[in-house]
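**Q** The structure's right below; bear with me while I get my questions together.
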Amino acid sequence: VTGAVVAVLFATGAAAQNRDRNAYFGDLHVHTKLSFDAYIFNVRATPDDAYRYAKGESIQHTAGYDVRLTDAPLDFLAVTDHSEYLGIVPAMNDPQHPLSKVPYAPDLFSTVREQISAAFQRIATNLSTGQYLPELKDPATSRSAWRTVVESADRHYAPGKFTTFRGYEFTSAPDGQNLHRNVIFAGARSPDQPFSAL
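1478 is the number of the first residue of the sequence shown in the numbering used here; add one for each residue after it.
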């Protein structure tokens, strides 16, 4: 699981519990194996793993050992995988999936750093154009990955104990400018698939 930001809502001096003035700790920017960049960097954790980890459970690191939070569990979490190419790179690594037949798919999972880098740059650089690479446009795979994100958030929601949010990262990079935004949904309504910069 990769995460970048820990969000904190601060209490304002009330010593007693007050549902409107408590501090809550969580993360609204977590990538799993469904994000094209996280998968390339060997993240194999699923959305379910991310939520279990946030709740204080151990999950397995890709190096083979268990990791867990050393302090208290989080109060809230949103898995916000990239909407662009959502679920596509893991599918490219599945020999049974048609995307594994993309000519540069083997290079993404090579042991040669230069091959990996060149193949990954093909995908990452494409974000600046705002156009899908035609060979990677697979709405069915991305919709399936989004359903995984949504169903996991719904499954791990525990009212009054642990809050989950449906969300994704909108990853726009026109002319190499970073315009990434996390989109967080309130409640149990969200679209059938996330809006993409592509």
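C-beta: ideal position from N, C-alpha, C; glycine also.
1. Going by beta-carbon coordinates alone, are M1569 and L1576 separated by less than 8 Å?
2. What's the call for Y1528, buried or exposed, on a 16-neighbour Cβ count within 10 Å?
3. For K1510, is the classification buried or exposed, using 16 other Cβ atoms within 10 angstroms of its Cβ as the cut-off for buried?
4. From the DSSP output, which residues share a beta bridge with V1556?
5. Is DSSP giving V1482 helix, strand or coil here?
6. Between which residues of its own chain and R1521 is the CB-CB distance below 8 Å, once the five residues before and five after are set aside?
7. Residues in its own chain within less than 6 Å of Y1581 by CB, not counting five upstream and five downstream?
8. State the beta-bridge partners of T1640 as determined by DSSP.
9. What's the call for R1545, buried or exposed, on a 16-neighbour Cβ count within 10 Å?
10. My parser needs the alpha helix (DSSP H) runs of 4 or more residues fully inside the stretch 1513 to 1574; what are they?
11. Mark F1672 as exposed unless 16 or more other C-beta atoms lie within 10 angstroms of its C-beta, in which case mark it buried.
12. When you compare only the Cα positions, how much space is there between R1590 and S1619?
13. Taking the beta carbon of S1667 as the centre, do at least 16 other beta carbons fall within 10 Å, making it buried, or is it exposed?
14. Touching or not, the stretch 1593 to 1612 and the stretch 1530 to 1537, by the rule of three or more beta carbon pairs under 8 Å?
15. Where F1487 and P1651 are concerned, what is the direct C-alpha to C-alpha distance, given to the nearest angstrom?
16. Quickly, what does DSSP pair E1646 with across the bridge? List them, please.
17. Identify, in the order they occur along the chain, each residue of the same chain with its Cβ nearer than 8 Å to the Cβ of H1574, setting aside the five sequence neighbours on each side.
**A** On the basis of the coordinates in this document:
1. For the purposes of this step, residue 1569 is taken as residue 92 along the sequence shown, with counting starting at 1. For the purposes of this step, residue 1576 is taken as residue 99 along the sequence shown, with counting starting at 1. Yes. Within cutoff.
2. Position 51 of the sequence shown, counted from the start, is the residue given in the question as residue 1528. Looking at its Cβ environment, which holds 16 or more other Cβ atoms inside 10 Å, Y1528 is buried.
3. The residue you call residue 1510 lines up with position 33 of the sequence shown. By the 10 Å Cβ count, K1510 comes out buried.
4. On the sequence shown, residue 1556 is found 79 positions in, with the first residue counted as 1. Looking at the DSSP output, V1556 shares a beta bridge with V1507.
5. To locate residue 1482, count along the sequence shown from 1; it is residue 5. Low per-residue confidence applies at V1482: pLDDT is 42, beneath 50, and the placement is therefore not dependable enough to give any value.
6. Along the sequence shown, read from residue 1 onward, the residue named residue 1521 stands at position 44. Non-local C-beta neighbours of R1521 in its own chain, meaning closer than 8 Å and more than five positions away in sequence, comprise K1510 and T1539, ordered along the chain.
7. As a first step, residue 1581 is located in the sequence shown; it is residue number 104 there, counting from the start. Once the five neighbours on either side are set aside, the close Cβ partners of Y1581 are A1596.
8. Within the sequence shown, residue 1640 is the residue found at index 163, counting from 1. Listed as beta-bridge partners of T1640 by DSSP are F1553.
9. Walking along the sequence shown from the start, residue 1545 turns up at place 68. It counts as exposed.
10. Fully contained in the stretch 1513 to 1574 are the following alpha helix (DSSP H) runs of length 4 or more, in chain order: 1513 to 1517, 1524 to 1531 and 1565 to 1569.
11. Indexing the sequence shown from 1 puts residue 1672 at position 195. Exposed, since its Cβ has fewer than 16 Cβ neighbours within 10 Å.
12. Within the sequence shown, the letter at position 113 stands for residue 1590. Within the sequence shown, the letter at position 142 stands for residue 1619. Taking the Cα positions, R1590 is about 27 Å away from S1619.
13. As a working mapping, residue 1667 is identified with position 190 in the sequence shown. Buried is the call here.
14. In short, these stretches do not touch, since the Cβ pair count stays below three.
15. Against the sequence shown, residue 1487 aligns to sequence position 10. Against the sequence shown, residue 1651 aligns to sequence position 174. Bear in mind that the predicted position of F1487 carries a pLDDT of just 42, short of 50, making it unreliable; the figure below should be weighed with that in mind. Between the alpha carbons of F1487 and P1651 lies a distance of about 35 Å.
16. Position 169 of the sequence shown, counted from the start, is the residue given in the question as residue 1646. According to DSSP, E1646 shares a beta bridge with H1559 and N1659.
17. Walking along the sequence shown from the start, residue 1574 turns up at place 97. If we look at H1574 and ignore the five residues flanking it on each side, its Cβ neighbours are A1568 and T1618.
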